[in-house]
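Trainee:
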Amino acid sequence: MATSTGSASGYVRKGVSNIRLGMMMEITTCAGAIIGAAVAIYLDNTVLLVIFSCVMLYSGFKMAVSPEKLTVEHEEGDPMTFEYEDPTADPPRQKYTVKNVKSGMALCTVAGAVSSMTGVGGGAIKVPLMNIHMHVPVKVASATSSYMIGITALSGAVIYFIHGDILLDVAAAVAVGAYVGALIGTRIASKVNAKSLKRYMSVVFFAIAAIMFCEAGGIL
Numbered sequence: 000m001a002t003s004t005g006s007a008s009g010y011v012r013k014g015v016s017n018i019r020l021g022m023m024m025e026i027t028t029c030a031g032a033i034i035g036a037a038v039a040i041y042l043d044n045t046v047l048l049v050i051f052s053c054v055m056l057y058s059g060f061k062m063a064v065s066p067e068k069l070t071v072e073h074e075e076g077d078p079m080t081f082e083y084e085d086p087t088a089d090p091p092r093q094k095y096t097v098k099n100v101k102s103g104m105a106l107c108t109v110a111g112a113v114s115s116m117t118g119v120g121g122g123a124i125k126v127p128l129m130n131i132h133m134h135v136p137v138k139v140a141s142a143t144s145s146y147m148i149g150i151t152a153l154s155g156a157v158i159y160f161i162h163g164d165i166l167l168d169v170a171a172a173v174a175v176g177a178y179v180g181a182l183i184g185t186r187i188a189s190k191v192n193a194k195s196l197k198r199y200m201s202v203v204f205f206a207i208a209a210i211m212f213c214e215a216g217g218i219l
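Counting from 1, position 186 in the sequence shown corresponds to residue 185 in numbering that gives the first Met the number 0; the numbering is continuous, with no gaps.
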């Protein structure tokens with residue numbers, strides 16, 4: 000939630016986040032998050048680490064090899080056609096049309112469940128999902144996911160809190176670092192072009208997956 004607060008405010012202010020799309024997807028994402036949290040409390044920590052690692056590996060691979068599928072032709076009056084500002088693009092004012100909305104919302108149930116089970120926040124799944132499957136530009140997908148994360152996290156956190164699994168003192172300390180990191184990340188992302196951003200994200204996903212695999216295997 001701290002990450003979402005730190006990054007979402009800047010993206011929303013700049014008009015990069017797609018509020019309408021995000022709220023539509025949160026309907027199914029929240030349902031998945033509640034289900035995922037309810038299942039996770041009965042799973043072994045090693046199992047969760049392996050699931051987390053597999054998700055990060057898959058997301059990193061998809062972001063690395065899949066080109067952006069942006070819709071070139073836009074129908075006038077299409078309610079799923081939007082615009083956003085990207086200083087690194089030519090022209091800076093970019094238009095895009097969201098595709099596969101129904102299947103995207105259905106897949107968000109899985110994204111919510113996995114994010115709640117692993118604590119990944121859902122961005123590792125929702126960004127590739129929106130970018131590759133729904134034809135949303137990667138910057139918009141990242142920005143939209145950033146503000147969705149807070150809502151998704153809250154849905155799952157309620158289950159963990161009731162079960163007594165949340166260490167409030169640790170969460171508070173982590174929240175400070177997450178908030179500052181999110182602010183810095185937002186500034187950097189606005190200055191990086193879409194192709195480079197996808198490449199950087201895939202590297203981060205692979206690195207996190209490697210760390211989690213090592214932890215699951217008892218190496219770390």
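Backbone N, C-alpha and C fix where the C-beta goes; we use that ideal spot for every residue, glycine too. None of the values given here were measured: they were computed from a predicted structure.
How many whole angstroms separate the CB atoms of Ala39 and Ser115, which I take to be in contact at a CB cut-off of 8 Å?
Mentor: Taking the sequence shown and counting its residues from 1, the one referred to as residue 39 is at position 40. Taking the sequence shown and counting its residues from 1, the one referred to as residue 115 is at position 116. Sure, about 7 Å apart at Cβ, within 8 Å.
Trainee: Unbroken alpha helix (DSSP H) runs of length 4 or more, entirely within the region 73–129: which are they?
Mentor: Qualifying alpha helix (DSSP H) stretches, in chain order: 100–117, 122–127.
Trainee: Helix, strand or coil, according to DSSP, for Asp164 in the structure here?
Mentor: Position 165 of the sequence shown, counting from 1, holds the residue named residue 164. Asp164: coil per DSSP, three-state reduction.
Trainee: At what residues does the alpha helix (DSSP H) containing Asn192 begin and finish?
Mentor: On the sequence shown, position 193 is the one that residue 192 refers to. First-last for Asn192: undefined, no H or E at that position.
Trainee: Measuring alpha carbon to alpha carbon, tell me which residue in Leu196, Phe205, Phe51, Ile218 is nearest Pro66.
Mentor: Numbered from its first residue, the sequence shown carries residue 66 at position 67. For the residues Leu196, Phe205, Phe51, Ile218, the minimum Cα distance to Pro66 belongs to Leu196.
Trainee: In whole angstroms, give me the CA-to-CA distance for Ala1 and Gly176.
Mentor: As a working mapping, residue 1 is identified with position 2 in the sequence shown. As a working mapping, residue 176 is identified with position 177 in the sequence shown. Bear in mind that a pLDDT of 49 at Ala1, under 50, signals an unreliable position, so the number given afterwards is only what the model happens to contain. The alpha-carbon atoms of Ala1 and Gly176 are separated by roughly 9 Å.
Trainee: To the nearest angstrom, report how far apart Arg98 and Gly217 are at their CA atoms.
Mentor: For the purposes of this step, residue 98 is identified with residue 99 of the sequence shown, where counting begins at 1. For the purposes of this step, residue 217 is identified with residue 218 of the sequence shown, where counting begins at 1. A quick correction: the sequence has Lys, not Arg, at residue 98. Between Lys98 and Gly217, the C-alpha separation is close to 42 Å.
Trainee: What span of residues does the alpha helix (DSSP H) with Leu20 cover, start to end?
Mentor: Along the sequence shown, read from residue 1 onward, the residue named residue 20 stands at position 21. Leu20 -> alpha helix (DSSP H) spans 18–39.
Trainee: Taking buried to mean at least 16 other C-beta atoms within 10 Å of its own C-beta, is Thr28 buried or exposed?
Mentor: Counted from its first residue, the sequence shown places residue 28 at position 29. With 16 or more other Cβ atoms within 10 Å, it is buried.
Trainee: Could you compute how far the alpha carbon of Ala112 sits from the alpha carbon of Phe204?
Mentor: On the sequence shown, position 113 is the one that residue 112 refers to. On the sequence shown, position 205 is the one that residue 204 refers to. Their Cα atoms are separated by approximately 19 Å.
Trainee: List the whole-angstrom C-beta distance separating Leu20 from Thr143, where the pair is believed to meet the contact cut-off of C-beta under 8 Å.
Mentor: Residue 20 sits at position 21 when you count from the first residue of the sequence shown. Residue 143 sits at position 144 when you count from the first residue of the sequence shown. Indeed they touch by this definition, with Cβ atoms about 6 Å apart.
Trainee: Would you decide whether Leu106 is buried or exposed? Buried here means 16 or more other CB atoms lie within 10 Å of its CB.
Mentor: The residue given as residue 106 occupies position 107 in the sequence shown. Buried.
Trainee: Got a sec? Which residues, its chain only, sit under 6 Å from Val126 by beta carbon, not counting five neighbours each side?
Mentor: Your numbering for residue 126 matches position 127 in the sequence shown. The answer, listed in chain order, is Ala140, Ser141, Ser144.
Trainee: Using a threshold of 9 Å, state whether the C-beta atoms of Val15 and Asp85 are closer than that.
Mentor: By one-based count along the sequence shown, residue 15 stands at place 16. By one-based count along the sequence shown, residue 85 stands at place 86. Result yes, Cβ atoms of Val15 and Asp85 sit closer than 9 Å.
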